[in-house]
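Structure first, then comments.
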Amino acid sequence: MLQFKLVLLGDSSVGKSSIVHRFVKDSFDELRESTIGAAFLAQTIKIKDTETQEDIDIKFEIWDTAGQERYKSLAPMYYRNANAALVVYDLTQKNSLSKAMSWVDELKSKVGDEDLVIYLVGNKLDLCDNVENRGGKEQEEEENKRVVTTQEADSYAKDQGLLFAEISAKTGQGVKEVFQTIGEKLYEIKKPELLAKKNREYGRNSSEAVDINIQRPNTNDPTSCCS
Amino acid sequence: MSKDETTIKKMLVDHKIDGPLAAKGFGPKYSLRSPSVPNLHAKVYTEYNMSDPTVGNATGGQGTSINEEDGTLSVIDMYGDDDNDIDDIVSSRAINLGSGNDDGNDADDLRSSTQSENIFNTTSINNSIDKPNGTGTGKNVQQDAQHNDRYGFKKQNNSISESDYDRWWLDYSKYCIRRKHKWQLLLEKSGLPIVDDSPIRFPPKSEKLKRYVRKGIPAEWRGNAWWYFARGQEKLNKHKGLYDKLLVKVDKMTSQNKNDKTYPDLDIIERDLNRTFPDNIHFQKEVFQNGEPPMIKSLRRVLVSFSLYNPKIGYCQSMNFIAGLLLLFLDEERAFWMLVIITSRYLPGVHDINLEGVNIDQGVLMLCVKEYLPEIWTYIYPNHSDTTVDTESNRRTMSSVPHKTQSSMMKNNFLYKLPPITLCTASWFMSCFIGVLPIETTLRIWDCMFYEESHFLFKASLSILKLSEHDLLKHTKKRYHSSSRLPYSITGSNHNSSGDLLNNKMHQDENDMEIFQVIQTFPKKLLNPNDIFDKIIFKKKFSFNRLDQEEIDRCRKYVTTQRNKYKRYVELIGNDDKTSEESSATLVNKENLDKTQDADDIINGALSSEVYGFKRNLTGVHWNNSLKEKVRQMKKKIDGDE
């Protein structure tokens, strides 16, 4: 089993906790208490190795954080050593996208890990027009609350090299896929490193000398730093 | 059914309009009867509420089945603690048990509960709702009462099932009744009147009163008692009329533009209003279909007023819960002043814009854990002790080894690089345990906080951590079974490849998270407050029970200066990014790692000359006691021999 640390960041009440709960417990509460400090949850998913078709278990250790600006000073403790970050904004709140952008900036400047997977996520798709499953009747009753266009966020994400999706924690639309994609992406990134580690451990068990030899190819390993 | 909803609504609104107090001549300003949700039957801000459509509609409505008597029910009455029942029980109990045993040894609660079992069996607490005067509405309320506690919170949550709750409440409600009786006797003895089951004055501080408070203030009296012990009236008298002035401003602000950019707090408050106790009926929209629940309106006014009153704090998430809980027990104005008092006296700086106060308190808590709960400290901060692998043996070494040899553990860089667990414990302080512990347990801690000042919050935290020891141990055992390698077996640095360092770091992170998870979920299960009080707080053997306010204040000062010093050193060294927490994730480069460690050493060297010393002046008492016990046993033995 592989374990990855994932952190959720974003403005207050964009739905960070709701996304986590949809993913971990597959449930949704219309009114969820505001998160104080941080909450920690874990969830395991399965992905397939594209070459061997082997099932791989991926365990996400998820840090759900409080959204208010002043909690920002605590954020470094959450994203320290994180493998992935879900930067969430609210499709119905213009301001939340700029907050998300400043989180992306902070992650890029402070984490400095090139392998960090950043996923820009627009939440509350259920309140927006382009919901496939919505009947015509409802559409008339409920107004479209979208203020952030798909294109706007998408082009920003492309520009910054982020993954991007619009989801709904309420209906569940797109939530699983986001985590699935992150899992696959991280596995892809970490695979060479894992293989190298396997080799190292194998070498260590047989003899010290072999160990040194096997370690040599590791210079290609992005996380290795012996030079 | 909507009919049910309207009746409940009507009931609640009625309380608000002409609550029992107005009728009883308690003055229009606010009532001193304190039971929960005085908002709904006490202080009426006429100028604000008259325009409230909820009120108008509801009173204009007809077909209500509520009679006069219902109007005098407080919310607590509705949910269980029916006064008549209490009186009945109290009087019969007084006959049965006599009233002389309230003094000194009242630790007999458990025993007396069996004695008086027969009395309580005949008066089931929940039966009060079935009484004839509630025929029409009783059923509706009862339905709610089945699922909600006496404060309106849902009994069930992720950690506690409704049947667990009911089982606990069956016993605990009896305990509450016994305690209330003792309080009544105490007040009577002290010559303090209890008007309308709502005392406004309490006896002067004493060991006895402290014990009473620790055993729980009667729920109906809580608002008044908190107000009294926190010296709220003093504060209010100094600022007479201020709250009303603030309200005028608030009214202008909120009616003008809710998204006013010049008051960013306003927007954040607005977003949190409906996320404050969404499972408490008094905060729920459904009950008040015609508009916002009065409780939400009060909450908005209190929070916005506060942000105007104290711009240094403004609004900080978590204050919504504190204010919300206060509003369940006090009228709006008093709730406001209590919020002022809590954020300044009990939780100084905790809600400030930079949250430094909460970091300081976490530093203090960590110092206390290290000093008083070394066995827990090894879980929380294992990376700096040498023998972290075997916690059992470690515990022994920690307690027996004199302090000098613990020098490696004496380094106090954990004061500025707080252990990850503090991300969890920080919320204990920010929300004053609301949402961390089940509600009754939270309230019991609040009782003590107002009586004993803020050091009680540390005692409570230490108690929770101590109680979680079993779960922590279970977790580590499981862990050692499942993994062949030990998490903190850091071999000699010479043999360490960077890969090993990384691995160790990963294992450490993993461990931190598992510890975090235990500490995060454990308190939610502490349904019975007496688990904390009887098992820990009342036990002399736990040395942290000797902590007092002076010690905590001294500790806070020390941590504050240490953290400031650290900040200055970091500035001096000039590579903030490389030494601070945030970039350690990127320290893949060994050179960098060494640099960081160097910097750490310099800082530690400079700071570790100053080590916080807890007062140990009372340890002698303990020693004396054990000596006394030994002498007694020897005497016994000699006597026996003779």
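These protein sequences, in sequence, are chains A and B. Using full-length UniProt numbering, the letters of the first sequence correspond one by one to residues 1 to 227. Using full-length UniProt numbering, the letters of the second sequence correspond one by one to residues 1 to 642. Beta carbons: idealized from backbone N, C-alpha and C, even for Gly.
By the CB criterion at 7 Å, Leu443/B and Ile160/B fall outside the cutoff.
By the criterion of at least three beta-carbon pairs nearer than 8 Å, the stretch 22 to 33 of chain A is not in contact with the stretch 76 to 93 of chain A.
Of the candidates Gly314/B, Asn320/B and Lys312/B, the residue whose Cα lies closest to the Cα of Lys297/B is Asn320/B.
Proximity to Trp227/B across Asp361/B, Cys368/B, Ile342/B and Lys539/B peaks at Ile342/B, based on C-alpha coordinates.
Of the candidates His239/B, Asp197/B, Asn158/B and Gly152/B, the residue whose Cα lies closest to the Cα of Arg222/B is Asp197/B.
Runs of the alpha helix (DSSP H) lying entirely within the stretch 72 to 147 of chain A, each at least 4 residues long, are 75 to 79, 94 to 110 and 136 to 141 in chain order. DSSP, reduced to helix, strand and coil, places Glu514/B within a helical segment of the structure shown. Residue-level contact check: Ser298/B does not touch chain A, since none of the beta carbons of chain A fall below 7 Å from its beta carbon. Here Gly161/A is exposed: its Cβ has fewer than 16 other Cβ atoms, across all protein chains shown, within 10 Å. By the beta-carbon neighbour count (other beta carbons within 10 angstroms, threshold 16), Ser34/A is buried.
By the neighbour-count criterion, in which 16 or more other beta carbons inside 10 Å mark a residue as buried, Thr422/B falls on the buried side. For Ile58/A against Ile47/A, the beta-carbon gap comes to about 6 Å, under 8 Å, which counts as contact. Listed along chain B are Gly314, Cys316, Gln317, His351, Asp352, Ile353, Asn354 and Leu355, each with a C-beta nearer than 9 Å to that of Arg70/A. In the DSSP assignment, Trp183/B is bridged to no other residue. Here Lys46/A is bridged, per DSSP, to Asp57/A.
For Ala225/B, the enclosing alpha helix (DSSP H) begins and ends at Arg222 to Phe229. Chain-ordered, the chain B residues with CB closer than 8 Å to the CB of Ala38/A read Leu423, Cys424 and Ser427.
For Gln173/A, same chain residues with a beta-carbon under 7 Å away, outside a window of 5 residues either side, are Leu125 and Ile167 in chain order. Ile360/B sits close to Val559/B, with the two beta carbons spaced by under 7 Å. Spanning the alpha carbons of Trp103/A and Phe458/B requires a straight line of approximately 34 Å.
Residues of chain A whose Cβ lies closer than 7 Å to the Cβ of Glu510/B are, in chain order, Gln3. In the structure shown, Ala66/A falls within a coil segment according to DSSP collapsed to helix, strand and coil. Here Ile313/B is not near Ser12/A, since their CB atoms are 7 Å or more apart. Close CB contacts of Leu365/B within its chain, under the 7 Å cut and outside five residues either way in sequence, are with Thr425, Phe458 and Ser461 (chain order). Think of a sphere of 7 Å around the beta carbon of Ile268/B: the chain A residues whose beta carbon falls inside it are Ser12 and Gln68, in chain order.
In the structure shown, Asn310/B falls within a coil segment according to DSSP collapsed to helix, strand and coil. Under the 7 Å criterion on CB atoms, Ser73/A is classed as interfacial with respect to chain B. Leu97/A has its alpha-carbon roughly 36 Å from the corresponding atom of Ile573/B. In this structure, Val24/A places its C-beta atom within 7 Å of the C-beta atom of Leu41/A.
Bridge partners of Ala165/A according to DSSP: Val121/A. Nearest in C-alpha terms to Pro278/B, of all of Gly232/B, Tyr212/B and Leu325/B, is Leu325/B. Assigned with DSSP and collapsed to three states, Leu31/A falls in coil, not helix or strand.
For Leu242/B, the uninterrupted alpha helix (DSSP H) run begins and ends at Leu242 to Gln256, by DSSP.
The closest CA to that of Lys155/B, considering only Leu415/B, Ser344/B and Lys525/B, is found on Lys525/B. Judged by DSSP in its simplified three-state form, Phe321/B adopts helix.
The beta carbon of Ser96/A sits no closer than 7 Å to any beta carbon of chain B.
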